[in-house]
């Protein structure tokens, strides 16, 4: 390899600027490729001169770590995209990863809450304290829009139009989308806005413009929102593990079951590909199969 040349850094810069990938996706790719570089270093391999057999050894090592199929696929994608980039930039003469493939099991269906469970989680935040008013507004808005946790963390006051009943999210790759918000969620957000203003004044801090804040008027973290979901799921008596992305899955499944158009749901979720959204239709089919097995006289 050329002294001073860092192909991984060059690739990460490319996907950040040219592809417009989100910071989280970029970080995941960077970690995956650093892991691959460490493997090559341990074997005395130059990453610009590896062969297919070397890549298969790396894949075998990953499989030995009992990673999920999804994680394994992501790591493989990072390596394959890396070598495609190097070939396009004439850094290598042939793509050693071109024939590298992984047989994935059938796609794992997302876990969701029932309508009754989701409502019980939301209503567990009764709004009897200022913190509960914020938490109720957060849960109401989350379920009303099906947004990603990162989008909720970054949500600005200026992007939530309570009068028009719409919220603007900045999704993956900086892509913006408008999502309508129902009346009940808007009412709780309006109620919380007064609490938020009070917290900012009491803290004497410069307003960050982030809509959801801690009681110290500081910006929320992803971990903080995770704790809120966990807290109210426990309070609602949900016997199984509930995590933030589950609310997004639940939103999509419930509105599809209610008759929403698949393309409309794709727009609401901010999915680039319709195939990503289609997994929720498979989930509905699984629910129908389960009901048939339970209630059909011949099953």
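Numbering (the working numbering), first residue to last: 36 to 334. The C-beta atom is built at its ideal place from N, Cα and C for all residues, glycine as well.
Same chain, Cβ closer than 6 Å to residue i, five either side skipped, listed in chain order
{"i": "residue 191", "result": "244"}
For residue i: DSSP bridge partner residues
{"i": "residue 245", "result": "191"}
{"i": "residue 212", "result": "204"}
{"i": "residue 296", "result": "DSSP lists no partner for residue 296."}
{"i": "residue 170", "result": "According to DSSP, residue 170 bridges with nothing at all."}
{"i": "residue 196", "result": "201"}
Limits of the unbroken beta strand (DSSP E) element including residue i
{"i": "residue 255", "result": "No beta strand (DSSP E) holds residue 255; DSSP gives it neither H nor E."}
Start and end residues, alpha helix (DSSP H) containing residue i
{"i": "residue 105", "result": "104-123"}
{"i": "residue 61", "result": "58-78"}
{"i": "residue 89", "result": "87-98"}
{"i": "residue 82", "result": "Per DSSP, residue 82 belongs to no alpha helix (DSSP H) and is neither H nor E."}
{"i": "residue 223", "result": "218-238"}
{"i": "residue 49", "result": "42-52"}
{"i": "residue 151", "result": "150-158"}
Close-in-space but distant-in-sequence residues of the same chain around residue i (CB under 7 Å, 5 per side omitted)
{"i": "residue 48", "result": "none"}
{"i": "residue 119", "result": "130"}
{"i": "residue 106", "result": "none"}
{"i": "residue 220", "result": "175, 176 and 179"}
{"i": "residue 295", "result": "none"}
{"i": "residue 217", "result": "179"}
Whole-Å CB distance - residue i paired with residue j, under 8 Å assumed
{"i": "residue 285", "j": "residue 188", "result": "Actually they are not in contact, since the Cβ atoms of residue 285 and residue 188 sit about 19 Å apart, beyond 8 Å."}
{"i": "residue 43", "j": "residue 68", "result": "5 Å"}
{"i": "residue 305", "j": "residue 207", "result": "7 Å"}
{"i": "residue 267", "j": "residue 156", "result": "5 Å"}
{"i": "residue 250", "j": "residue 234", "result": "6 Å"}
{"i": "residue 90", "j": "residue 114", "result": "7 Å"}
Own chain, CB closer than 8 Å to residue i, minus 5 neighbours either side, in chain order
{"i": "residue 41", "result": "none"}
{"i": "residue 297", "result": "291, 309, 312, 313 and 316"}
{"i": "residue 70", "result": "110"}
{"i": "residue 56", "result": "50, 64, 207 and 208"}
{"i": "residue 257", "result": "184, 185, 188 and 279"}
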